[in-house]
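Engineer:
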């Protein structure tokens, strides 16, 4: 049981480049989330999805786009990377209704130079 | 807007001592989650608290929830080095709302 898998684990981008982070879960969860973690800031929500084909903005959505074309996958895109997007990105998923904890992927460490 | 505050943000404890981490939140909720994160690792679920007065214990950690005070505590009993980690609390509300996290408490247990 793989749980939540993020690809890639590490990436270095130049300013202005684009990339897509992939999150895949094999638990048939409805809800999926993208957070970023920065020192002293905790985890901040970027975008989230409550089901296939749906997405919503979180606390810090600017500079990111997402898509949930398949229930098991949630993609996070950076169209034109900026140094301020240097961070550790975590994907998470949970069953559907509330009252349950979220399960996290192993994280993607992104550096924008 | 739901806000979650933890204190302290940094905690250095001696082995064998007891201490409590506090988690306050700003709007009504009866659902609170505690996570642990080791350096360079992902977040691991510790406790799920779903009602006023809920108490859960695992080893040297005990978590409780007071929804009237909008407060959860994570109590550490007789700390050991293996408990060194960052602990996060998170809150959500009824419906499809996502988890909102506190900034975390970095715990260091020293001999």
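Residue numbers (this note's numbering), protein chains in the order written: chain A, 1 to 113; chain B, 1001 to 1111. Beta carbons: idealized from backbone N, C-alpha and C, even for Gly.
Helix, strand or coil, according to DSSP, for residue 955(B) in the structure here?
Structural biologist: Outside the displayed span of chain B (1001 to 1111) sits residue 955(B), for which this structure offers no information.
Engineer: Show which residues of chain B have a CB atom less than 8 Å away from the CB atom of residue 24(A).
Structural biologist: One-based indexing of the first chain puts residue 24(A) at position 24. Within chain B, no residue comes near residue 24(A); the closest Cβ sits about 15 Å away, beyond 8 Å.
Engineer: Are there 16 or more other CB atoms within 10 angstroms of the CB of residue 25(A), so buried, or fewer, so exposed?
Structural biologist: One-based indexing of the first chain puts residue 25(A) at position 25. Buried, by the Cβ-count rule.
Engineer: Whose CA, out of 1020(B), 1019(B), 1009(B), 1059(B), lies closest to the CA of residue 1046(B)?
Structural biologist: Within the second chain, numbered from 1, the residue matching residue 1046(B) stands at position 46. The shortest C-alpha separation from residue 1046(B) is found at 1059(B).
Engineer: Could you check if residue 85(A) is buried or exposed, using at least 16 other CB atoms within 10 Å of its CB as the buried criterion?
Structural biologist: For the purposes of this step, residue 85(A) is taken as the residue at position 85 of the first chain. Its Cβ being crowded by 16 or more others within 10 Å, residue 85(A) is buried.
Engineer: Taking just the CA atoms, how far does residue 1082(B) sit from residue 58(A)?
Structural biologist: If you number the first chain from 1, residue 58(A) lands on position 58. If you number the second chain from 1, residue 1082(B) lands on position 82. C-alpha separation (whole angstroms): 34 Å.
Engineer: State the Cα-Cα distance for the pair residue 34(A) and residue 52(A), rounded to the nearest angstrom.
Structural biologist: Counted from its first residue, the first chain places residue 34(A) at position 34. Counted from its first residue, the first chain places residue 52(A) at position 52. About 15 Å.
Engineer: Can you give me the C-alpha to C-alpha distance between residue 39(A) and residue 54(A), rounded to a whole angstrom?
Structural biologist: By 1-based counting over the first chain, the position of residue 39(A) is 39. By 1-based counting over the first chain, the position of residue 54(A) is 54. Each residue's Cα considered, the two are about 30 Å apart.
Engineer: For a cutoff of 8 Å on Cβ pairs, would you count residue 101(A) as touching chain B?
Structural biologist: Within the first chain, the letter at position 101 stands for residue 101(A). Chain B, which has a Cβ nearer than 8 Å to the Cβ of residue 101(A), makes this yes.
Engineer: Against residue 1096(B), what residues of chain A qualify as contacts under a CB-to-CB distance less than 7 Å, listed in chain order?
Structural biologist: Position 96 of the second chain, counting from 1, holds the residue named residue 1096(B). Within chain A, the residues near residue 1096(B) are 50.
Engineer: On the three-state DSSP scale, how would you describe residue 1093(B)?
Structural biologist: The residue given as residue 1093(B) occupies position 93 in the second chain. The answer is coil: DSSP assigns residue 1093(B) none of H, G, I, E or B.
Engineer: For residue 1029(B), which of 1049(B), 1015(B), 1036(B), 1016(B) has the nearest alpha-carbon?
Structural biologist: Residue mapping note: residue 1029(B) aligns to position 29 of the second chain, counting from 1. For residue 1029(B), the nearest C-alpha among the options comes from 1049(B).
Engineer: Under 7 Å, CB to CB, which of the residues in the segment 21-45 of chain A have a partner in chain E?
Structural biologist: Of the protein chains in this structure, namely A and B, none is chain E.
Engineer: Assuming residue 1100(B) contacts residue 1031(B) (C-beta within less than 8 Å), just tell me the rounded distance between them.
Structural biologist: Walking along the second chain from the start, residue 1100(B) turns up at place 100. Walking along the second chain from the start, residue 1031(B) turns up at place 31. Not really, about 11 Å apart at Cβ, beyond 8 Å.
Engineer: Using a 10 Å radius around the Cβ and a threshold of 16 neighbouring Cβ atoms, would you call residue 8(A) buried or exposed?
Structural biologist: Working through the first chain from its first residue, we reach residue 8(A) at position 8. Flag for residue 8(A) reads exposed.
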